[in-house]
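Visitor: Note that the working numbering has the sequence shown beginning at 3, numbered continuously upward.
By construction, the Cβ of each residue, glycine as well, lies at the ideal position given by its N, Cα and C atoms.
As the structure is a prediction and not an experimental result, all values here were calculated from the model.
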Amino acid sequence: MAFRDDLVIIARYSEVALKSPYVRREWERALKRDIKEKCKNAEVQIKSGRIFIRGAEPECLRKVFGIVSFSPCIETTLKELKERVVEFSAKKIRGRSFALRVRRVGSHPFTSLDIARELGAELLRRFPESSVNLDKPEAEIFIEIRDDRCYIYDEIIPGVGGLPRGVSGRLVSLFSGGIDSPVATFL
3 MAFRDDLVII
13 ARYSEVALKS
23 PYVRREWERA
33 LKRDIKEKCK
43 NAEVQIKSGR
53 IFIRGAEPEC
63 LRKVFGIVSF
73 SPCIETTLKE
83 LKERVVEFSA
93 KKIRGRSFAL
103 RVRRVGSHPF
113 TSLDIARELG
123 AELLRRFPES
133 SVNLDKPEAE
143 IFIEIRDDRC
153 YIYDEIIPGV
163 GGLPRGVSGR
173 LVSLFSGGID
183 SPVATFL
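1. Could you check if S50 is buried or exposed, using at least 16 other CB atoms within 10 Å of its CB as the buried criterion?
2. As a quick exercise: from R26, R96 and K65, pick the residue whose alpha carbon is nearest that of R127.
3. Per DSSP, what kind of secondary structure is S114 in: helix, strand or coil?
4. Ordered along the chain, which non-local residues of its own chain (more than five positions away) have a Cβ less than 6 Å from that of R167?
5. Pull up the DSSP beta-bridge partners for P74, would you.
6. So, at 6 Å on beta carbons, what are the nonlocal neighbours of F144 in its own chain, with the 5 sequence-adjacent residues on each side left out?
7. Examine the Cβ distances between the stretch 115–131 and the stretch 66–85 and report whether three or more of them are shorter than 8 Å.
8. Is the CB-CB distance between E142 and Y153 below 8 Å?
9. In the DSSP assignment, what residue or residues form a beta bridge with R105?
10. Tell me the rounded alpha-carbon separation between S175 and I76.
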């Protein structure tokens with residue numbers, strides 16, 4: 003896959019966010035190190051509880067401990083958001099029901115609901131054969147607004163979860179020959 007400048011992967015973690023600032027920094031460093039090991043040549047940035055990865059295939063994150071989920075995204079600006087959402091959604095929502103799930107981080111003169119309404123109205127104007135269904139949509143489009151940057155995606159891929167490798171000491175496990183031993187060790 004050829005990488006585009008606007009492609010970024012957003013990865014999410016859970017347990018790390020619950021720790022004190024010092025422990026969180028150390029665990030985030032361990033997580034960043036693991037991502038760089040698994041995703042060669044990737045640029046990794048951690049900001050506001052999210053990990054932003056550029057120049058990597060999403061598959062390399064499937065086995066990184068500490069990542070709960072991740073999403074391949076299109077990155078854009080607030081100014082270009084409406085046009086990019088229409089472009090991103092065109093094939094996904096045409097003739098189908100859809101829902102926009104908008105989240106924002108930072109101070110803005112608008113709410114997430116304001117953006118969802120504005121973008122939803124634009125999508126309905128451009129694709130009149132589509133409809134909005136917030137309960138059971140056929141297609142979901144997610145938008146995260148973080149300060150002046152926006153991330154558009156339609157998929158949340160589960161990760162392994164747990165703690166980042168190397169932050170909690172060593173483990174010894176006894177394998178008895180059945181399938182339950184390696185499964186219990188993995189969990």
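Guide: Short version:
1. Your numbering for residue 50 matches position 48 in the sequence shown. Around the beta-carbon of S50, fewer than 16 other beta-carbon atoms lie within 10 Å, marking it exposed.
2. Counting from 1 along the sequence shown, the entry for residue 127 is found at position 125. Per the Cα distances, R96.
3. Walking along the sequence shown from the start, residue 114 turns up at place 112. In this structure, S114 counts as helix in the three-state DSSP scheme.
4. Counted from its first residue, the sequence shown places residue 167 at position 165. Answer for R167: D36 and F67, listed in chain order.
5. Position 72 of the sequence shown, counted from the first residue, corresponds to residue 74. DSSP output for P74 lists I11 as bridge partner(s).
6. Residue numbering aside, residue 144 sits at position 142 when the sequence shown is read from its first letter. So the qualifying residues of the chain are R103 and Y155.
7. The stretch 115–131, when compared against the stretch 66–85, does touch it at the 8 Å Cβ threshold.
8. Taking the first residue of the sequence shown as 1, we reach residue 142 at position 140. Taking the first residue of the sequence shown as 1, we reach residue 153 at position 151. The answer is no: Cβ separation not under 8 Å.
9. Along the sequence shown, one-based indexing puts residue 105 at 103. Beta-bridge pairing links R105 to E146.
10. Counted from its first residue, the sequence shown places residue 175 at position 173. Counted from its first residue, the sequence shown places residue 76 at position 74. Cα to Cα, the separation comes out at about 42 Å.
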